[in-house]
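Novice: Handing you this structure, nothing more for now.
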Amino acid sequence: MFNQRIKIKQLLSGTPTGTEVVVMGWVRTFRNNQFVALNDGSTNANLQVVASLGEFEETILKRITTGASLKVTGTVVESLGKGQTVEVKATSIEILGDSDAEKYPLQPKKHSLEFLREKAHLRFRTNTFASVFRIRHALAFAVHQFFNERGFVYLNTPIITSSDAEGAGEMFRVTTLPMEGAPKNEQGEIDYTQDFFGKSTNLTVSGQLEGELGAMAFSEIYTFGPTFRAENSNTTRHLAEFWMIEPEMAFHDIEDNMNLAESFIQYLIQYVMKNNADDLAFLDARLAEEEKQLPTEKRSGLGLLEKLNLVVNNNFERITYTEAIDILLNSNHYKKKKFKYDVKWGIDLQSEHERYLVEQHFKKPVIVTGYPAAIKAFYMRMNDGCEAGKETVAAMDILAPGIGEIVGGSQREERLEVLEARMRSMHVPVEEMSWYLDTRRFGTVPHAGFGLGFERMIQFVTGMTNIRDVIAFARTPKNCEY
RNA sequence: UCCUCCUUAGCUCAGUUGGUUAGAGCAUCUGACUGUUAAUCAGAGGGUCGUCUGUUCAAGUCAGACAGGGGGAGCCA
């Protein structure tokens, strides 16, 4: 058996001195021709391997370069140096894989995130990205644990869909028809009856509609998978391929929905604070360092850990859309005409408005409910007793500091007639959606759900400002490396 | 898609009103030193100044187009 090694994280957490160990990992630095900082990805803490002078061939020492992989056998000893309590005194060092020092792009120094983004295949070997992706893993695990504890069924909704009725964004077409000389029908349009599925198909933009079908049987389900949007969005918070978590619950109204979303977010943060304290501490220090470089007016004034504690220990602010508009209209910011976009009832809130509410006014996450029906999707439940011309739906968005919208959800319209009427007025093809409407025909119930952008959640927890730095291999317009 | 800024050594960046042979730190290589912590010290190598076109006696520097990247906006999660 090849792998009898101990992982560095385990070794550093209390292996008694005198123990014989085998460790494997990659060289971060080799100092003084004697001290190897070895990392195996289990923690950012490096293991110091000591190659005592004169005990190793010069030809081996020459090959211990940054990025090279080693198998080290040795003894755990108390460290004579100051940077660590224990180290491994090597009895043998085997080079598993060389790393040409002249060509290896990562140096033992600070690199810019932009540079590392172009070296995405190697950036996991840096402390920042190692921490981010260990946290990403922990968050994914916590998502499943949260829902599993509550009896939700994990439903895998399809990635290829034929439904184009959601209006959630531009879609990527899926086809096996030839690009040139595609078969045409009598009207001269492309004949999708000859395509693989016999119809036009796309990559999913949301699993929600299928999720509702599941909720109408299991009571509570959630989806967690990749989602695709072909929007030409070039921002720090959009990806063409991203992961989304979409719970859908029967017998829930909008308030139950808010309660679940709020405790979900708090649960995820608490899980990471408990299980990834080292990584969070590293990112907290990193962010504090970054802040120092910024001019005073651009600093957030709140450390990463402080921010996370604030979110975990306080209820989210809950306001209606109408109240949000009033707050904006009464703000000095508005009176001094500092908003670029005008504020009046009926508008969709712009980022600058959301940022004002979250970052200036409330200074914590805010849940906004009761948006105008005209600016929201067809499946959202019409609120009863609205003033004419000011119809609202039972929608809710959770706005987070620094990220903006992190959750979008609603109570769904369960009344068949109301839903059909709304679909017709919004030009949603009612006949093609018959399978969806069956849930309202046969045993319809009040139900609700929301979508949480996984990468945005990771951004919030790690403090990374660009979404491309929290997904392993980002897909964005004009960019599909690896 | 729009606005805006950027592109000079492997990396991070200087480079004056256009003017001799384009610099620094780190990295790399060579040597010294040897309980170092992004080791230190000495020396060396390393450049089509993003690409193309133009203005000029002369362009890293000025103008235009294109490409790539950052930030912001829209769309949204």
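Numbering-wise (this note's numbering), the first sequence opens with residue 13 and increments by one.
Ideal Cβ positions, reconstructed from N, Cα and C, are used throughout, including at glycine.
Determine, using beta carbons only, whether K94 and M36 come nearer to each other than 8 Å.
Specialist: No, they are not a contact pair.
Novice: Along the chain, which unbroken stretches of the beta strand (DSSP E) at least 3 residues long are found entirely within the segment 405 to 476?
Specialist: Here the runs fully enclosed are 416 to 423, 459 to 465.
Novice: Could you compute how far the alpha carbon of R17 sits from the alpha carbon of L50?
Specialist: Cα-Cα distance, rounded: 13 Å.
Novice: Excluding five sequence neighbours on each side, which residues of the same chain lie with their C-beta closer than 8 Å to the C-beta of R367?
Specialist: Contacts found: G416.
Novice: Start and end of the beta strand (DSSP E) containing V34?
Specialist: From DSSP, the beta strand (DSSP E) with V34 extends over 32 to 43.
Novice: Along the chain, where does the beta strand (DSSP E) containing A484 start, and where does it finish?
Specialist: It is not in any beta strand (DSSP E) - A484 carries neither H nor E in the DSSP assignment.
Novice: Could you give the DSSP three-state label for T71: helix, strand or coil?
Specialist: Helix, per DSSP.
Novice: Assign G219 to buried or exposed, taking buried as 16 or more other Cβ atoms, counted over all protein chains shown, within 10 Å of its Cβ.
Specialist: It counts as buried.
Novice: Under a Cβ-count criterion, where at least 16 other Cβ atoms within 10 Å of its own Cβ denotes burial, should G421 be classed as buried or exposed?
Specialist: Buried.
Novice: Can Y166 and F159 be called in contact, C-beta distance under 8 Å?
Specialist: Yes, the pair counts as a contact, with Cβ atoms nearer than the cut-off.
Novice: Return the CA-CA distance between V210 and P195, expressed in angstroms with no decimal places.
Specialist: Per the sequence presented here, residue 210 reads as Gly, with Val not at that position. Cα to Cα, G210 sits roughly 12 Å from P195.
Novice: Is A379 helix, strand or coil by DSSP?
Specialist: Ala is not the amino acid found at residue 379; the sequence shown has Ile there. Looking at I379 - three-state DSSP - the assignment turns out to be strand.
Novice: DSSP three-state call for A389: helix, strand or coil?
Specialist: The answer is coil: DSSP assigns A389 none of H, G, I, E or B.
Novice: For the candidate residues S446, R298, Q206, whose alpha-carbon lies nearest to that of N197?
Specialist: Cα-wise, what sits closest to N197 is Q206.
Novice: Kindly list the residues whose CB is nearer than 6 Å to the CB of T27, restricted to its own chain and excluding five residues on each side of it in sequence; keep chain order.
Specialist: Excluding sequence neighbours, T27 sits near V88.
Novice: To the nearest angstrom, report how far apart A113 and F68 are at their CA atoms.
Specialist: Straight-line Cα distance between these residues: approximately 20 Å.
Novice: If distances are taken between C-alpha atoms only, which option among A484, H264, V380, I76 comes closest to E426?
Specialist: That would be H264, whose Cα lies nearest to the Cα of E426.
Novice: Check the C-beta distance from V48 over to I76 and give it rounded, since I have them as a contact under 8 Å.
Specialist: Their Cβ separation, rounded to whole angstroms, is 6 Å, which keeps V48 and I76 in contact under 8 Å.
Novice: Can you name, in chain order, every residue of its own chain whose Cβ lies under 6 Å from the Cβ of E243, other than the five neighbours on each side?
Specialist: Closer than 6 Å at the Cβ level, and outside the excluded window around E243, lie G181, E182.
Novice: Alpha carbon to alpha carbon, how far is I266 from R424? Give it in angstroms, no decimals.
Specialist: Approximately 9 Å, taken between the alpha carbons.
Novice: Would T29 and E126 qualify as a contact pair, given that the criterion is a beta-carbon distance under 8 Å?
Specialist: Taking 8 Å as the Cβ cut-off, T29 and E126 do not qualify as a contacting pair.
Novice: With distances taken between CB atoms, is the gap from A262 to S231 smaller than 8 Å?
Specialist: Closer than 8 Å, so yes.
Novice: Excluding the five sequence neighbours on either side, which residues of its own chain have a C-beta within less than 7 Å of the C-beta of M476, listed in chain order?
Specialist: Cβ within range, chain order: V144, V482.
Novice: Could you tell me whether the segment 458 to 469 touches the segment 248 to 262, where touching means 3 or more Cβ pairs closer than 8 Å?
Specialist: Judged by Cβ distances under 8 Å, the segment 458 to 469 makes contact with the segment 248 to 262, as three or more pairs qualify.
Novice: Under 8 Å: do the segment 367 to 384 and the segment 402 to 419 share three or more Cβ pairs, one atom per stretch?
Specialist: Yes, they touch.
Novice: When the Cα of Y31 is compared with those of G397, E318, S64, E99, which residue comes out closest?
Specialist: Note that residue 31 is Thr in the sequence shown, not Tyr. Comparing Cα-Cα distances from T31 to each of G397, E318, S64, E99, the minimum goes to E99.
Novice: Quick one: is F390 buried, meaning 16 or more other Cβ sit within 10 Å of its Cβ, or exposed?
Specialist: Looking at its Cβ environment, which holds 16 or more other Cβ atoms inside 10 Å, F390 is buried.
Novice: By the 10 Å Cβ neighbour count, where 16 or more other Cβ atoms means buried, how is I172 classified, buried or exposed?
Specialist: Exposed is the call here.
Novice: Let's test the definition: count the other Cβ atoms within 10 Å of the Cβ of N269 and tell me whether it reaches 16, buried, or not, exposed.
Specialist: Counting Cβ neighbours within 10 Å, N269 comes out buried, since at least 16 surround it.
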